[in-house]
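Just so we're aligned, residue 414 is where the sequence shown starts under this note's numbering, counting upward by one.
Glycine included, each C-beta is placed from N, C-alpha and C at the ideal position.
Please read these numbers as outputs of a predicted model, since none were measured by experiment.
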Amino acid sequence: MSNKAAVVEQIGSPVVIKTVEKYAPGPDEILVKNGVISFNPLEVKMQKFGAIPYSVPAILGFSSAGTVEAVGSNVSYVKPGDRVTVLAPFDLTDLRTGHFQEYYIAFPRYTSKIPDNVLLEDASSVPSNLVTVVAVFDAMLGPERPSPDGKRAAPKGKKLLVYGGSSSVGGYAIKYASDLGYEVITTSSPQNQEFVTSLGASSVVDHRQPAEKIVADLKVLGPFDAVFDAIGTPEPTAIIGQVLAETGGGTIFTTLPQLGDTAAYAKPDSVNRVYDSWPQVLDREEQKALLEWTYHVYIPEGLRSGAIIPTRNFEVPGGIDGIQEILDKSLVGGVSGKRLITHV
């Protein structure tokens, strides 16, 4: 049977819609029938600019939700018919694993079952964004884990800044940190203030203000015991860097590497900026237990209990045929506080 895919044949050129094979899973693999693709801002930067180096041809798409079509002989975690949400490996050398296609190969360690009370649409963005938060917070705070049943820990008396709280990653970070017992301060536009407050933010600074006003407001709300920049671009680096430098220095954990002119990310000497390919961090041998907990305990149980509140979505029609149009839309932006999705 056929399998329609959006293939990057040349970086900077539009994806090509092609018919590729419908894969057969190996002994340790899962074949997933794609249902809903969630778009990550990094994907269009990779497609258009090669923001992270990779070889072509390639099939992008890192996060989606669908139905198990078939499993390999060694797979026991899921069975055909199960609904799952999956993170694709960031190694793009295997065309079978990208999610910009109708059927793809998944690995059990990156696969989470979707409980009956959760829609595919809502589960589709969870892997790439929530897994980033889990890895960042482990690096930033140590081995603290929130309860999957949604019960918040007792207040720690510590403050944590999430810059960009209305973004998908930022929203997951607010909920995760507040469930751990941190007082969370965040930034967002006024239109998203109610949403980020509902996730657990105690104070919200309007990020549309002039930079000097944002700095002043954050200094009043600090000092911060930990800082997570969910945006990762030069502007927040400069703002947070100034806040930290004027309150004793510190470290910014962030979601993106320095892209383009590195001078744009200049910061005071007393401030560090830490980036890693966070979902891949959980692949390290020393993180094996955290990886297992994240995909097979926290995501399914947290979705069921409401401990995980999925990103708000903005559906764009088009499916596989519309991948390029949706990538272009994600680059332009204009959909505040929501993640673009499409049905396959």
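Touch test, the region 585-605 against the region 539-548, Cβ-Cβ under 8 Å, three pairs minimum: yes
Same chain, Cβ closer than 6 Å to Gln737, neighbours up to 5 away in sequence not counted: As a working note, residue 737 is residue 324 in the sequence shown. Closer than 6 Å at the Cβ level, and outside the excluded window around Gln737, lie Pro427 and Val428.
One or two residues paired with Lys526 in a DSSP bridge: Counting from one through the sequence shown, the residue named residue 526 turns up at place 113. Val497, per the DSSP bridge assignment.
Extent of the continuous beta strand (DSSP E) run through Phe666: As a first step, residue 666 is located in the sequence shown; it is residue number 253 there, counting from the start. Its beta strand (DSSP E) spans residues Gly663 to Thr667.
Beta-carbon spacing of Gly485, Pro438 below 8 Å: Taking the sequence shown and counting its residues from 1, the one referred to as residue 485 is at position 72. Taking the sequence shown and counting its residues from 1, the one referred to as residue 438 is at position 25. Yes, they are a contact pair.
Span separating the alpha-carbon of Tyr576 from that of Leu672: The sequence position of residue 576 within the sequence shown is 163, counting from 1. The sequence position of residue 672 within the sequence shown is 259, counting from 1. Going by the C-alpha atoms only, they are around 19 Å apart.
CB contact flag (Gly645, Leu669, <8 Å): Within the sequence shown, numbered from 1, the residue matching residue 645 stands at position 232. Within the sequence shown, numbered from 1, the residue matching residue 669 stands at position 256. It is a contact, given that the beta carbons lie within the stated cut-off.
Rounded C-alpha distance that separates Pro649 from Thr755: In the sequence shown, counting from the first residue as 1, residue 649 sits at position 236. In the sequence shown, counting from the first residue as 1, residue 755 sits at position 342. Distance between the alpha carbons of Pro649 and Thr755: 30 Å.
CA-to-CA distance, Leu704 to Ser601, given in whole angstroms: Counting from 1 along the sequence shown, the entry for residue 601 is found at position 188. Counting from 1 along the sequence shown, the entry for residue 704 is found at position 291. Taking the straight line joining both Cα atoms gives about 30 Å.
The region 730-749 in contact with the region 520-532 per 3-pair CB rule at 8 Å: no
Exposure label - Val539; buried when at least 16 CB within 10 Å: Here residue 539 is taken as the residue at index 126 of the sequence shown, counted from 1. It counts as buried.
Whole-angstrom distance between Tyr467 and Glu372, CA atom to CA atom: Past the boundaries of the shown model lies residue 372; the chain is included only from 414 to 757, so the question cannot be answered.
As assigned by DSSP and simplified to three states, the class of Phe452: Here residue 452 refers to the residue found at position 39 of the sequence shown. Note: Phe452 maps to coil in three-state DSSP.
Cross-strand partners of Gly479 (DSSP beta bridge): Against the sequence shown, residue 479 aligns to sequence position 66. Beta-bridge pairing links Gly479 to Asn447 and Val497.
Any alpha helix (DSSP H) of 4 or more consecutive residues that is wholly inside the region 680-743: 691-694, 701-706 and 712-718
Residue interval of the beta strand (DSSP E) (run including Phe637): What you label residue 637 is simply residue 224 of the sequence shown in a count that begins at 1. Run containing Phe637: none; DSSP gives neither H nor E here.
Whole-angstrom distance between Arg697 and Asp689, CA atom to CA atom: Here the question's residue 689 lines up with position 276 in the sequence shown. Here the question's residue 697 lines up with position 284 in the sequence shown. Cα to Cα, the separation comes out at about 12 Å.
Cβ neighbours of Leu533 in the same chain (closer than 6 Å, five flanking residues each side left out): As a first step, residue 533 is located in the sequence shown; it is residue number 120 there, counting from the start. Answer for Leu533: Gly448, Val449 and Ala478, listed in chain order.
Contact between the region 620-627 and the region 674-684 (3+ Cβ pairs under 8 Å): no
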